[in-house]
Structures are given as structure tokens and as C-alpha cells.
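A.B. asks: Per the working numbering, the very first residue in the sequence shown carries number 1318; after that it's consecutive. Here it is, the structure in full.
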Amino acid sequence: PLYPQRVTTVYTKRHKPAIRILAQLGRNTVPLVQDTIVIYGDNGQEYSPQYVSVVRDFYLWA
1318 PLYPQRVTTV YTKRHKPAIR ILAQLGRNTV PLVQDTIVIY GDNGQEYSPQ YVSVVRDFYL
1378 WA
């Protein structure tokens, strides 16, 4: 069976409604990690460092 390991709520900008929820599943039972990611930085034009890291990791492991 697969167990939830991480749940990430994704927002386009701060103080806006969430647009996605990412779930990471694994074969081991570990404490569930819950966090948030904002896609655009405070200036609204550049991607936030968190978002860049998640996208890079996803495509490396996909």
C-alpha cells in the first residue's frame, strides 16, 4: 500500500485562493508533512524559489 507522506497547497500569489494540492505518497509510514508554496514572488513577475525547486525536482524524478 501507499501512504501519504507530504501534502503541499499551491497558491498563485500570497492571499489568493489555493489552486492545487500536491500529494506525495510512499511505501513507508512517516509523519505527514504539510506545507505551502506560492508560485509567484512578491513582485508578481518572477517565480518564487520554492516553486522553481519543486518543479525542478518533479521533472528530475518523473
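Beta carbons: idealized from backbone N, C-alpha and C, even for Gly.
Where DSSP assigns a beta bridge to ILE1338, which residues make up the other side?
C.D. replies: DSSP output for ILE1338 lists THR1326 as bridge partner(s).
A.B. asks: Pull the bridge partners of ASP1352 from the DSSP assignment, please.
C.D. replies: In DSSP, ASP1352 forms a bridge with THR1325.
A.B. asks: Kindly list the residues whose CB is nearer than 6 Å to the CB of THR1326, restricted to its own chain and excluding five residues on each side of it in sequence; keep chain order.
C.D. replies: Once the five neighbours on either side are set aside, the close Cβ partners of THR1326 are ALA1335, ILE1338 and THR1353.
A.B. asks: Check this for me: beta carbons of VAL1355 and SER1370, under 8 Å apart or not?
C.D. replies: No.
A.B. asks: If you draw a straight line from the alpha carbon of TYR1320 to that of VAL1350, how long is it in whole angstroms?
C.D. replies: Distance between the alpha carbons of TYR1320 and VAL1350 is about 12 Å.
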